[in-house]
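> The opening residue of the sequence shown carries number 126 in our numbering; numbering runs sequentially from there.
Glycine residues also receive a C-beta, built at the ideal position from the N, C-alpha and C atoms.
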Amino acid sequence: MRHLSIFRAAGNAMIALLFMVMMAFGCQQAQAQSGSNVNHLQFSVAALYERGFDVTLGYDHETKYHNSWEYFVNGYIKYDEDPEAGHITKQSFWNNYRAWLLGIAYKPCIVRHRNGHGNFRFGLMGGSDTHRFIGGATVGYEHSYALRRGWEFFFQVKSDIVIRGEDLFRTGVALGFKAPL
């Protein structure tokens, strides 16, 4: 049981963070979208297959009909078992494989409803894994729910193809929020 303690701690921390975000947004009243083009600062956390987490900070520039351009920076960490200890340790979690990427994604709106919209998301990215340049593409679906005062809650189902990275395919789910600018 001890070998899973760090994984459980990270999972519990992520669940606690998501619970706090959901509670904060749950206290807000939802309202219909105004139709205006609002730019957002967005933040999301993702759990990715296989044994990966990423954090994304981005600028979302909305155009007509909820189509948008996203400019983002992404940090990725892949954890593994420590070969000496035989389980996940702090060292193997934080220092196994890390990468950062800068990117741009176009998000055409494909679904609209009263308090939300869904966008197909595709784009390009480039960065480093602390040893060499890596690049790739991202594809996915993002669904946003409008909250009060321009705030939005969103989830993404995303897949990244990373060239020259340790893992070629990354796929998973991200949860996040958008703050109006």
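Check the C-beta distance from Phe218 over to Tyr201 and give it rounded, since I have them as a contact under 8 Å.
Taking the sequence shown and counting its residues from 1, the one referred to as residue 218 is at position 93. Taking the sequence shown and counting its residues from 1, the one referred to as residue 201 is at position 76. In fact, because the Cβ distance is near 13 Å, the residues do not count as touching under 8 Å.
> For the candidate residues His268, Gly290, Val236, whose alpha-carbon lies nearest to that of Ile259?
As a first step, residue 259 is located in the sequence shown; it is residue number 134 there, counting from the start. For the residues His268, Gly290, Val236, the minimum Cα distance to Ile259 belongs to Gly290.
> Under 7 Å Cβ to Cβ from Tyr231, same chain only, skipping five residues before and after it: list those, please.
Here residue 231 corresponds to residue number 106 of the sequence shown, with the count starting at 1. Once the five neighbours on either side are set aside, the close Cβ partners of Tyr231 are Trp194, Phe247, Gly248.
> Please tell me whether Phe168 and Gly252 are closer than 7 Å, where the distance is taken between their beta carbons.
Position 43 of the sequence shown, counting from 1, holds the residue named residue 168. Position 127 of the sequence shown, counting from 1, holds the residue named residue 252. The answer is no: Cβ separation not under 7 Å.
> Output yes if chain D places a C-beta closer than 7 Å to the C-beta of His242; else output no.
Included in the structure is just one protein chain, with no chain D present.
> Would you say Asp179 and His165 are within 7 Å of each other, going by their C-beta atoms?
Counted from its first residue, the sequence shown places residue 179 at position 54. Counted from its first residue, the sequence shown places residue 165 at position 40. Cβ atoms of Asp179 and His165: not closer than 7 Å.
> Taking 7 Å as the limit between beta carbons, can you name the residues of its chain near Leu306, skipping five residues before and five after?
Within the sequence shown, numbered from 1, the residue matching residue 306 stands at position 181. These residues qualify, in order along the chain: Asn164, His165, Leu166.
> Could you give the distance in angstroms between the alpha-carbon of Ala155 and the alpha-carbon of Asn192?
Numbered from 1 along the sequence shown, position 30 holds the residue referred to as residue 155. Numbered from 1 along the sequence shown, position 67 holds the residue referred to as residue 192. Note on Ala155: pLDDT 42, under 50, position unreliable in the model; the coordinate value appears next. Going from the Cα of Ala155 to the Cα of Asn192 covers about 21 Å.
> Check each candidate in Asn199, Thr181, Ala304, Ser284 and name the one with the smallest Cα separation from Glu175.
Residue numbering aside, residue 175 sits at position 50 when the sequence shown is read from its first letter. The shortest Cα separation from Glu175 among Asn199, Thr181, Ala304, Ser284 belongs to Ser284.
> For Pro305, which three-state DSSP category applies?
To locate residue 305, count along the sequence shown from 1; it is residue 180. Correct three-state label for Pro305: strand.
> Helix, strand or coil for Trp219 per DSSP?
Position 94 of the sequence shown, counted from the first residue, corresponds to residue 219. DSSP places Trp219 in helix when its eight states are reduced to three.
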